[in-house]
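Please read the structure below before turning to the comments.
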Amino acid sequence: MFVVPASRHGIYSPSKFVVDVWLVIMRYLSVLDIIRLGSTCRTLYEFTTLRHVWRDVLFQHRFLDQCYPHLRSCTAEDIRHQLKTAARLDHIWTQPNIVPKRLYTFPLDFPGVFQGLKFLPGGTWLVLLFHCRNLNPSRHSNLCLIKPSTGAGANDFPAASTTFQSEMCWLPFLDQDGPYKSSRGDDLMLLRTKCNDGSNAFGIVHLNTKIPSITIPLIFRTNVFVRNYAAAGDYVVYGWITSDRRI
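If you use the UniProt record's numbering, the sequence shown corresponds to residues 1 to 247, in order.
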C-alpha cells in the first residue's frame, strides 16, 4: 500500500510525478496491485502498460521466468496476462476456506527402492524413480510414468502407465530437477548422478503423456565439481568451483 501526498489545495495529480517515480513505486507492488493502480486513471494506466514494467515483474517471479523463458520476448499484454493468471491462482489457493472438491487414493506398488515421485504440470500424471535388482540386475534406475485412476476404490489400478529401464543409476529427485516445460511444451525432467570415474552426468528425460512413453534423448558429462545446477526451458545451467576455489 502507498500514499499519495496531499497539497494545501487537494490531492496531487499522478501526472505531477515523473514516470520514474511511479516505476520505483511499482517495483514494490504485487501483480494485482499494479493492475488496480492502472485502473485508477488514464495516466497511471499508461504507466502500467509499459513493457519493461511487466518484464521486471516477470524476472522477480518465482517460476514463470525460468519455466517459460519465451515470455521474455512477448508483448507487455501477454506477459501481464500470464502474471495475472498466476497471481489469481496463488490468491485462490491461499484462501483458508478452499477445500478439495474430491479426494482419491491409489496404490503405488513397485519392487524396488524408492528414489522420488513427482507430479507433472497439470496434476494428472506422476513420474516415479526407483532402483530394483530384480528388474535391473546392475541396479540401474527405473523410471515409471503413471496416470492414477480417479475411481472411488483405493485398490484401482492406474489408468495408464509405462516403465523405462535406464542404463545409469540416477540419484534421487531434487526440487530443481523439474518436471518443467520446454519451449515446445514438452514435459522434461533433469536427472543427475556421480560416475565411477568421478565425473558428473546429467540426463534430460522426455515424458510423453500422449503415447505414453519415456526417453532420455540427451546425456552429457562434466569433470568439474558441480556446485549447483538448474534447468529451465531448453537450457541447463550449472556452476562449479575451480582448483583455486573460484566459482
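For glycine and all other residues, C-beta sits at the position ideal for the given N, C-alpha and C.
Cβ contact (3+ pairs, closer than 8 Å) linking the region 67-82 and the region 44-57: Taking a cut-off of 8 Å for Cβ pairs, the region 67-82 and the region 44-57 touch, as three or more such pairs fall below it.
Neighbour-count burial assignment, residue 92, 16 or more Cβ in a 10 Å radius: If you number the sequence shown from 1, residue 92 lands on position 92. Classification for residue 92: exposed.
Span separating the alpha-carbon of residue 74 from that of residue 59: Within the sequence shown, residue 74 is the residue found at index 74, counting from 1. Within the sequence shown, residue 59 is the residue found at index 59, counting from 1. Residue 74 and residue 59: Cα-Cα distance of roughly 13 Å.
Start-end ranges of the alpha helix (DSSP H) lying completely within the UniProt domain "F-box" (20-55), minimum 4 residues: With a minimum length of 4 residues, the continuous alpha helix (DSSP H) runs that stay inside the UniProt domain "F-box" (20-55) are 31-38, 42-48.
Buried versus exposed, by CB contacts within 10 Å (16 or more), residue 172: Residue 172 sits at position 172 when you count from the first residue of the sequence shown. Answer is exposed; the Cβ neighbour count stays below 16.
Residue range of the alpha helix (DSSP H) that includes residue 70: To locate residue 70, count along the sequence shown from 1; it is residue 70. Premise fails: residue 70 is in no alpha helix (DSSP H) and is neither H nor E.
Residue 174 burial status per 10 Å Cβ neighbour count (16 or more: buried): Numbered from 1 along the sequence shown, position 174 holds the residue referred to as residue 174. Per the 10 Å Cβ criterion, exposed.
Cut-off 8 Å between Cβ atoms - residues of its own chain near residue 240, not counting five sequence neighbours on either side: Here residue 240 refers to the residue found at position 240 of the sequence shown. These residues qualify, in order along the chain: 222, 224, 225, 226, 227, 247.
From 194, 42, 210, 181, residue whose alpha carbon lies closest to that of residue 170: Here residue 170 corresponds to residue number 170 of the sequence shown, with the count starting at 1. Comparing Cα-Cα distances from residue 170 to each of 194, 42, 210, 181, the minimum goes to 194.
Start-end ranges of the beta strand (DSSP E) lying completely within the region 145-230, minimum 3 residues: You should have 160-165, 187-194, 200-208, 213-222.
Close Cβ partners of residue 114 (< 6 Å) along its chain, the five nearest in sequence each way excluded: Numbered from its first residue, the sequence shown carries residue 114 at position 114. Excluding five sequence positions before and after residue 114, the CB atoms of its chain that fall closer than 6 Å to its own CB belong to 130, given in chain order.
Inter-residue spacing [alpha-carbon to alpha-carbon] between residue 218 and residue 71: Mapped onto the sequence shown, residue 218 falls at position 218. Mapped onto the sequence shown, residue 71 falls at position 71. Between residue 218 and residue 71, the C-alpha separation is close to 25 Å.
Sub-8 Å separation of residue 207 and residue 214 beta-carbons: The residue you call residue 207 lines up with position 207 of the sequence shown. The residue you call residue 214 lines up with position 214 of the sequence shown. For the 8 Å CB-CB criterion, residue 207 and residue 214 form a contact.
Close-in-space but distant-in-sequence residues of the same chain around residue 67 (CB under 8 Å, 5 per side omitted): Within the sequence shown, numbered from 1, the residue matching residue 67 stands at position 67. So the list reads 180, 181, 232, 233, once near-sequence residues are dropped.
C-alpha distance - residue 127 paired with residue 89, whole-angstrom precision: Taking the sequence shown and counting its residues from 1, one reaches residue 127 at position 127. Taking the sequence shown and counting its residues from 1, one reaches residue 89 at position 89. Distance between residue 127 and residue 89, taken at the CA atoms: about 24 Å.
Proximity below 8 Å, CB of residue 125 to CB of residue 145: The count along the sequence shown starts at 1 and reaches residue 125 at position 125. The count along the sequence shown starts at 1 and reaches residue 145 at position 145. Cβ distance < 8 Å, so residue 125 and residue 145 count as in contact.
Where residue 63 sits in the DSSP three-state scheme: Within the sequence shown, numbered from 1, the residue matching residue 63 stands at position 63. Of the three classes helix, strand and coil, the one that applies to residue 63 here is coil, per DSSP.
Close-in-space but distant-in-sequence residues of the same chain around residue 87 (CB under 8 Å, 5 per side omitted): Along the sequence shown, read from residue 1 onward, the residue named residue 87 stands at position 87. Cβ within range, chain order: 30, 31, 32.
Under the three-state DSSP convention, the category residue 236 falls into: By 1-based counting over the sequence shown, the position of residue 236 is 236. If DSSP states are grouped into helix, strand and coil, residue 236 belongs with the strands.
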